[in-house]
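Written out below as structure tokens is the structure these notes cover.
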Amino acid sequence: TNSDQPRGMMVTTSTVTQKDLEESLTLKAPLEGRESVEVVSNLHYEVLQINVQEGDKVAKGDVLAVLDQEVLQREFEEAQDALELATIQSQEKLKENQRAYEKALENLEAAQLQYDRNKVLADHGGLSQASIEQDLDALNEAKRLVNSYNVKDGKVILDQSEAKNLEMAQKKLARKNEQLSDTEIKSPIDGTVTRVNTRVGRFADDTEDKKPMFVIENLEQLQMKVEVSEYEIDKIAVGQAVEIGAEILNGEVVKGVVSRIYPTGEQKSGTSSERVIPIQIEVLEQHQRLIAGITAKAKILIDHAEQVLVVPIEALRTLENGQVQVAKVESNQTMQWVDVTVGLETDLEAEIQTEALKAGDVIILSPDSSLTDGSAVQVLGGVN
């Protein structure tokens, strides 16, 4: 070593590499069925039969449990009898009123004829004014009686209160019929029974810890709901590819996709003021070891670039005017600032675009701001 040669500032270096670069965001959350329903009943009737247990697959409409129908069946029959009686009474009342209405029409016609005839006589002095006034009163009374009937297209119809009573009887029967049908607790979807919170002998509306009677999930289609920081949500878009892994998969991954971004954020747990936005990820591939309830890791692929120049993040320096630079070590152990344009960035690396650098060039990590073009440097441990 020539002791007269300046040693220069000691620096740590790396090299420019050319490779594929990928920006991603990794988040954890439990897997769950894409479709999940809670089956409940508000009927206070005893559970007589349970047809499923946890883990059973069911189809939409399958009967999960049967309730005691005895009381409801009796109430249904009573409502049926009440509606039948109300209908018969209404029909009889209509027939009676129709006959009375038609009689009133006849009386009106007769009163009109008598008034018209006597009016002519009275006009010629053949009948007293008092007599014609009596005829007019009779005519007006006949009109009043005809107008007292509720008529449509010449047929008497039920008045408002009678129609309401009949309607109430019909609704009561429909309600009892619906409740009777509801004594068969059915699955609203195709899926797997994941929870049974009732047992034979209990009332349907009295489940353990007020939980739903059954939980049914579609486990053929798994999904996960993860929370993304408000500072990174702008990088997420519906349709982005996702790689999903879990310890149970032993290093294997399955494909997924960002299917939904929720419209509002929520407070991050803990004392942090940061907010997070939930997003939904659908699992696109089935795997026999991938099951609901386990914690999975979702790697959201935000962007990628193929065969680009890449440097460590700590090799970049940003000037006040926004220009980004990299400090290149020349073969004579001096350095030179090189202007670069930054492309894709990850937590550790960044794509750079410049014609002044190539793969294999040596660059300084965390370059000191006091370095200037031509400054002598000494690489710690030799050039990488």
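Residue numbering for the sequence shown follows my numbering, beginning at 34 and increasing consecutively. Quick reminder that beta carbons are idealized off the backbone N, C-alpha and C, glycines included. In this text the structure is predicted, and so the values were computed from the model without any measurement.
Contact check, residue i vs residue j under 8 angstroms by CB: the rounded distance?
i	j	result
Arg235	Phe247	Actually they are not in contact, since the Cβ atoms of Arg235 and Phe247 sit about 13 angstroms apart, beyond 8 angstroms.
Pro63	Thr328	5 angstroms
Val73	Pro245	5 angstroms
Asn251	Glu68	4 angstroms
Glu299	Val309	6 angstroms
Lys391	Thr225	The Cβ separation is near 57 angstroms, so there is no contact.
Val189	Asn130	4 angstroms
Ala175	Ala144	4 angstroms
Thr216	Leu317	Not quite, the Cβ-Cβ distance comes to about 40 angstroms (not below 8 angstroms), so this is no contact.
Leu323	Val287	6 angstroms
Could you tell me which residues DSSP pairs with residue i in its beta bridges?
i	result
Lys330	Lys61, Gly278
His337	Glu55
Leu255	Gly66
Asp372	Gln358
His392	The sequence shown places Ala at residue 392, not His. Paired residue(s): none; Ala392 is not in a bridge.
Lys219	Val96
Glu299	Val309
Gln366	Bridge partners of Gln366: none, in fact.
Gln319	Paired residues: none, contrary to the question.
Ala409	Thr367
Thr225	Lys90, Glu250
Lys188	Lys185
Alpha carbon to alpha carbon, how far is residue i from residue j?
i	j	result
Glu347	Leu398	6 angstroms
Thr240	Glu79	11 angstroms
Val410	Leu54	30 angstroms
Asn365	Val359	17 angstroms
Pro400	Thr351	11 angstroms
Ala115	Gln203	9 angstroms
Asp192	Asn183	6 angstroms
Ala16	Tyr148	Missing from the structure shown is residue 16; the chain here goes from 34 to 417 and no further.
Gly278	Gln106	53 angstroms
Lys361	Lys268	31 angstroms
Leu255	Ile314	9 angstroms
Arg208	Ala171	50 angstroms
His438	Asn151	Outside the displayed span of the chain (34 to 417) sits residue 438, for which this structure offers no information.
Gly415	Ala383	Reliability fails at Gly415, whose pLDDT of 46 lies under 50, so the model's placement of it is uncertain and the value that follows must be treated cautiously. Spanning the two alpha carbons is a distance of roughly 24 angstroms.
Ala325	Gly88	12 angstroms
Asn417	Asp394	Bear in mind that a pLDDT of 45 at Asn417, under 50, signals an unreliable position, so the model cannot answer this.
Ile249	Val357	55 angstroms
Ala331	Asp101	47 angstroms
Gly289	Met43	47 angstroms
Ile333	Leu381	17 angstroms
Thr45	Asp372	20 angstroms
Glu125	Asn173	29 angstroms
Glu166	Val179	20 angstroms
Along the chain, where does the alpha helix (DSSP H) containing residue i start, and where does it finish?
i	result
Ile121	103-156
Ser164	162-180
Ala202	193-215
I'd like to know whether the C-beta of residue i is nearer than 8 angstroms to at least one C-beta of chain C.
i	result
Leu160	This model lacks chain C altogether, as it is built from one protein chain only.
Nearest by alpha-carbon distance to residue i: which of the options is it?
i	options	result
Ile218	Gly94, Asp406, Arg40	Gly94
Ile396	Arg40, Val85, Thr48	Thr48
Ser403	Val375, Gln369, Leu381, Leu390	Gln369
Ile294	Val287, Ser262, Glu307	Ser262
Leu342	Thr387, Gly159, Ser408	Thr387
Arg177	Gly187, Ile165, Ala137	Ala137
Leu349	Phe109, Leu413, Glu378	Glu378
Lys205	Glu111, Thr50, Lys330, Gln321	Glu111
Leu213	Gln113, Lys332, Ile333	Gln113
Glu363	Asp406, Leu334, Ala92	Asp406
Thr120	Val85, Ala196, Ser302	Ala196
Ser28	Val275, Lys126, Ala389	Missing from the structure shown is residue 28; the chain here goes from 34 to 417 and no further.
Leu282	Thr297, Tyr264, Gln319	Gln319
Ser194	His337, Ser123, Thr50	Ser123
Val259	Gly355, Ile312, Val70	Ile312
Ala338	Pro296, Ser161, Leu323, Val375	Val375
Val96	Val271, Ser302, Ile222	Ile222
Ile335	Lys52, Arg40, Leu60	Leu60
Does the ligand HEM have even one heavy atom less than 7 angstroms from the beta-carbon of residue i?
i	result
Ile333	This structure lacks the ligand HEM; in fact it carries no ligand of any kind.
Which residue marks the beginning of the beta strand (DSSP E) containing residue i, and which one marks its end?
i	result
Val384	Correcting the residue identity first, residue 384 is Glu in this sequence and not Val. Its beta strand (DSSP E) spans residues 382-386.
Gln82	80-83
Met246	Careful: Met246 lies outside any beta strand (DSSP E) and carries neither H nor E.
Leu349	349-351
Lys288	286-294
Thr231	Where Thr231 is concerned, there is no enclosing beta strand (DSSP E), given that its DSSP letter is neither H nor E.
Val44	42-44
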